[in-house]
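Note that my numbering gives residue 60 to position 28 of the sequence shown, counting from 1, and the numbers run on in steps of one.
Glycine included, C-beta positions come from ideal geometry on N, C-alpha and C.
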Amino acid sequence: MKKVLVFLMTAIMACSLLLTGCGGEEKKAEPAKVLRVGTEPAFAPFEFPKEGSSELTGFDVELIQAIGKQLGYKVEVSGMGFDALIPALNAGNIDAAIAGMTITDERKKAVTFSDPYYTSGLIVMVKKDNAAVKSIDDLKGKRIAAQIGTTGEMKARSVEGATVTTFNTQDEAALELKNGGVDAVIGDLPVMEYYLAKGGNKFAMTVGEKMEAEQYGIAVKKDSKLAAELNKGMEELKKNGEFDKLYKKWFGEAKK
Ligand code: GLN
33 MKKVLVFLMT
43 AIMACSLLLT
53 GCGGEEKKAE
63 PAKVLRVGTE
73 PAFAPFEFPK
83 EGSSELTGFD
93 VELIQAIGKQ
103 LGYKVEVSGM
113 GFDALIPALN
123 AGNIDAAIAG
133 MTITDERKKA
143 VTFSDPYYTS
153 GLIVMVKKDN
163 AAVKSIDDLK
173 GKRIAAQIGT
183 TGEMKARSVE
193 GATVTTFNTQ
203 DEAALELKNG
213 GVDAVIGDLP
223 VMEYYLAKGG
233 NKFAMTVGEK
243 MEAEQYGIAV
253 KKDSKLAAEL
263 NKGMEELKKN
273 GEFDKLYKKW
283 FGEAKK
């Protein structure tokens, strides 16, 4: 027994000597694990550049940074088109995508989602002087703009006889409305509301009720264990109050 112990001790000492390079140099700190995150950076208040800078901010950006910190990751966020996010996950170019992405059955075939973190929904936006459109039911045969690859585009395409034009960002879709190229935009309610509050209300307004609830989730490569890890990090942030703090900061109220 004693012999075994001595052997073990010697082995451990030899190992640690090897690790320190035998010369007694200071042990270098482990490089932080990197979490490569993709987003579509024109989706305020979830992800958008800080004023006068290319650095991104927003609820999603701060949430993934907080989750990463919780799990010991160095988070690197890069921007790309919304429709490029899922291909980038599948190609292994990013580890996670956070982009106000609605959890849908269709997308679940291609990627795995974290637990939902925000309840959203779609809404119709028209010009302020448009008295004819009160809801999506009045858009039959009309011209609708939406952001490419989004649930807004899918909804627009379900409207009978409508001509749908897609844009890279929701802002560009809104600009088309302003220019009179379309009769309406269909997109995510919180993003539309933010847009209107930031000056869009000079020419536009939302009409009708928020369409059915949609849940945002963080997407990872199909079946990746990272989803469970991210959920664990998010759970911690919910327990320690940080999630609520972020939610209040960006939406002015606690999550319902
Ligand atoms: N929530 C919408 C979707 O998932 C739009 C997301 C976005 O444009 N960033 O399709």
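query                                                                                                    : result
Residue 131 CB to nearest heavy atom of the ligand GLN below 7 Å                                         : yes
Helix, strand or coil at residue 176 [DSSP, three-state]                                                 : strand
For residue 157, the nearest candidate out of 142, 212, 128 and 121 (CA to CA)                           : 212
Any non-hydrogen atom of the ligand GLN within 7 Å of residue 182 CB                                     : yes
Which listed residue (167, 252 and 268) has its alpha carbon closest to that of residue 142              : 252
Short CB-CB distance (under 8 Å) between residue 210 and chain B                                         : No chain B appears in the structure shown, which is made up of a single protein chain.
Enclosing beta strand (DSSP E) for residue 151 [first to last residue]                                   : 150-159
beta-carbon residue 220 near the ligand GLN non-hydrogen atom, thresh 7 Å                                : yes
Neighbourhood of residue 50 by C-beta, 7 Å cutoff - its chain only, sequence neighbours within 5 removed : Reliability of the predicted coordinates at residue 50 is poor, the pLDDT of 47 falling under 50, and the value obtained from them is presented with this limitation in mind. Nothing listed; no residue qualifies.
Cβ contact check for the region 169-189 and the region 110-127: 3 or more pairs under 8 Å                : yes
Proximity below 8 Å, CB of residue 262 to CB of residue 128                                              : yes
Residue 167: CB within 7 Å of a non-hydrogen atom of the ligand GLN                                      : no
Proximity test, residue 97 beta-carbon vs the ligand GLN heavy atom, cut-off 7 Å                         : no
Backbone secondary structure at residue 280 - three-state DSSP                                           : helix
Alpha-carbon to alpha-carbon, residue 257 and residue 273                                                : 25 Å
Given residue 246 as reference, the closest of 267, 124, 153 and 97 once Cα atoms are compared           : 153
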